[in-house]
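Remarks on the structure that follows.
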Amino acid sequence: MTEIRNETVDTTTTSEASFASTATPALAAARLVLARDLRLAFRRPGEMLQPLVFFAIVTTLFPLAITPELSQLRVVAPGVVWVAALLSSLLALEFLYREDAHDGTLEQYALSGQSLTWLLFAKTASHWLLTGLPLALMAPIAALALGAPMSSVPGIVASVAVGSIALSLIGAIGASLTLGVRRSGVLLSILTLPLAIPVLIFGASATSRAIAGEDYSAPLYLVGAIAVLGITLAPLAAAAAVRISLE
Amino acid sequence: MAWTWFHRLGSPPYIYALAARLTPWFAWPAAVLTIVGLYAGLVLAPPDYQQGDGYRIIYVHVPSAWMSLMVYTTMAVSAAIGLIWRIKVAHAVAASCAAMGATFTFAALVTGSLWGAPMWGTYWEWDPRLVSELILLFLFLGYMGLRSAIDDVQRADRISAVLAIVGVINVPIIHFSVEWWNSLHQTSSVFRRAGPAMPMSMLLPLLTMFVAFTLMFAALLLTRLRAEVLSRERSASWIREVVSA
Amino acid sequence: MSVSEFFAMGGYARYVWPSYALVLAAIVLNIVWARRALKRARLEARRRVAMKDAT
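Chains as they are written, first to last, in my numbering: chain E, 1207 to 1453; chain B, 653 to 897; chain X, 712 to 766.
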């Protein structure tokens, strides 16, 4: 079953437009790319839901494998939720970049004269909106099933939401590095997971404090700081890697 | 002129000949200093007040750890030079670093673990210094994996250069982790603003081993660099002369 | 310090000696690998030059 991905995006700059204002066309192009990615994803809701289903299944495995005792599960709940979210996020990355690299869309982005950094930032944003944000909303449900108290829900959502932003950005770097590699799934994980460890450590710490009812602002700020660092630097690194892959 | 010297370094035949000439000047002093350092560390240095003779692991653990950081930095810097100025020899240097860096990192982790077992009561501890050094090992392995997964040498050079540069943020994290967090690992006792906190009798063997390892790294790097340069220059004419020599 | 005392390392022998052994093994391995890599590269280069001469 082939599908015609006829969502073209006119990202070429006209000389008048680039002469008139250089900032707006880049943002407008980025918005177009974001809209395209979201529209394409919603056309195949099955594919979109796969990482989320994976998350649900993985979090279910742990109580079955460890113990059904909620009091004991509560201790591992933050770790389980975070590792499952990390792995689900990795899965979704493959979908995001693979198709565009295969059908030449990525090449068009690079050749368009638009800032590839901005366009990749838009793709990362779409990855977060399609995977990270839903995971942040599903995480409290998983945590509750693992024994977390209702009062911890806002903290869990906040920590996973901010952390998944950082994960999407780090994943974007990993995905761009492995663009030219055949069957790169495992290599993508090997490259991305070590870089994601700080996010995991602080994010899980924030979630764990939220579940324990303590103040979770300190690790949350640290995760936020990593996310901000990622927003400024990750698209640059990803764009550099994409250009090299497309040469 | 300064720039001609720099440009000559970018020429593969020149680098090959230079590396061949320089290697023994690094290799022999490295061997001598290693033996001297081992003797000084194992025999001459006095036993520690708290740790007795067990602290002598320091003489292999700390130099390995310092080398792991130095090698990664060398790899990242030469990768950046290769990427920015498009100098192939710089990429060859980066490629030559990876295996040695992974070895030093592994050695640092294992010797640290063996030192921690009697002193901390545990073979492993999930604390910032140890975790970030472990991440360094993963970075080296990921770098080597990425390189081998890309067939085109030029593209492999440049993609892995991006990875090396992105990962360099780990190096200051490793170094400052003991200052920034309450770590089980002890804080810096050598690289401090107030100067080293060790008596000379213990510090000298340590510095000797460090210099020995650095010279050894230089000699091995030059050897691997020659191999890299040879395998990259497919059919250049200078290879003919080198090979028939 | 007698020889047996030296090997006992104040009771820490089973930590100290494996550490030193590992690091020295790693050094030797690296030397062997580097020299082998160079030898292999020279062999390859010689073969390439010979092939080019044959054509």
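All residues carry an ideal CB built from backbone N, CA and C; glycine is no exception. Values in this document were obtained by computation on a predicted structure and should not be read as measured data.
(request) Mind checking which residues open and close the alpha helix (DSSP H) that includes B:A682? (result) P664 to Y691
(message) Please list, in chain order, the chain B residues whose beta carbon lies closer than 7 angstroms to that of E:L1393.
(response) G797, L798 and A801
(message) So E:V1387 contacts chain B; which residues on that side make the cut at Cβ distance below 8 angstroms?
(response) L798, A801 and I802
(request) Kindly say whether E:A1443, judged by its beta-carbon, lies nearer than 8 angstroms to any beta-carbon of chain B. (result) yes
(request) Could you say if the stretch 1368-1382 of chain E and the stretch 1425-1445 of chain E meet the contact criterion of at least three C-beta pairs nearer than 8 angstroms? (result) yes
(message) Once DSSP output is grouped into helix, strand and coil, what is the label at X:D764?
(response) helix
(request) Answer with yes or no whether the minimum CB distance from E:I1432 to chain B is below 8 angstroms. (result) no
(message) Considering only their Cβ atoms, is the gap separating X:P729 from B:L625 smaller than 8 angstroms?
(response) The structure shown does not extend to residue 625 of chain B, since chain B is modelled only from 653 through 897, so no value can be given for it.
(request) Flag this pair as touching only if the stretch 1442-1451 of chain E and the stretch 1376-1389 of chain E have three or more C-beta atom pairs under 8 angstroms; answer yes or no. (result) yes
(request) Taking 8 angstroms as the threshold, find out whether the stretch 732-752 of chain B comes into contact with the stretch 860-879 of chain B through three or more Cβ pairs. (result) yes
(message) Need the endpoints of the alpha helix (DSSP H) that B:H837 sits in, please.
(response) No alpha helix (DSSP H) holds B:H837; DSSP gives it neither H nor E.
(message) Considering just the uninterrupted stretch of the alpha helix (DSSP H) at B:M752, what are its terminal residues?
(response) K740 to W772
(request) Kindly indicate which residue of E:E1253, E:A1444, E:I1403 and E:F1268 has the alpha-carbon position closest to the one of E:G1353. (result) E:F1268
(request) Step through the CB atoms of chain B and report whether any lies within less than 8 angstroms of the CB of E:A1283. (result) no
(message) Let me make sure I understand the geometry here. Which of B:P780, B:L793 and B:H827 has the alpha-carbon closest to that of B:A633?
(response) Because chain B is modelled from 653 through 897, residue 633 of chain B falls outside the range shown and cannot be assessed.
(message) Does chain B have any CB closer than 8 angstroms to the CB of X:A752?
(response) yes
(message) The alpha helix (DSSP H) that contains B:D809, what's its start and end?
(response) V805 to G819
(message) Given a cut-off of 8 angstroms on the beta-carbon distance, is the pair B:I733 and B:A744 in contact?
(response) no
(message) Taking the alpha-carbon of E:T1323 as reference, which of E:A1235, E:H1308, E:G1285 and E:T1413 has the nearest alpha-carbon?
(response) E:A1235
(request) Can you check DSSP and say which residues form a bridge with E:G1338? (result) BP columns for E:G1338 are empty, so no partner.
(message) Just list the residues that DSSP pairs B:D700 with in beta bridges.
(response) B:G704
(message) Here's a check: name, in chain order, each residue in its chain whose Cβ is nearer than 7 angstroms to the Cβ of B:H713, leaving out the five neighbours to either side.
(response) A760, T763, G764 and W767
(message) Is there a C-beta anywhere in chain C that falls below 8 angstroms from the one on B:G689?
(response) The structure shown has no chain C; the protein chains it does contain are E, B and X.
(message) Would X:S730 pass as an interface residue toward chain B - the criterion being a Cβ-Cβ separation below 8 angstroms?
(response) yes
(request) Check whether the stretch 781-797 of chain B touches the stretch 810-824 of chain B, taking contact to mean three or more Cβ pairs, one atom from each stretch, closer than 8 angstroms. (result) yes
(request) Give the single residue among E:V1264, E:R1249 and E:G1285 whose Cα lies nearest to the Cα of E:G1409. (result) E:G1285
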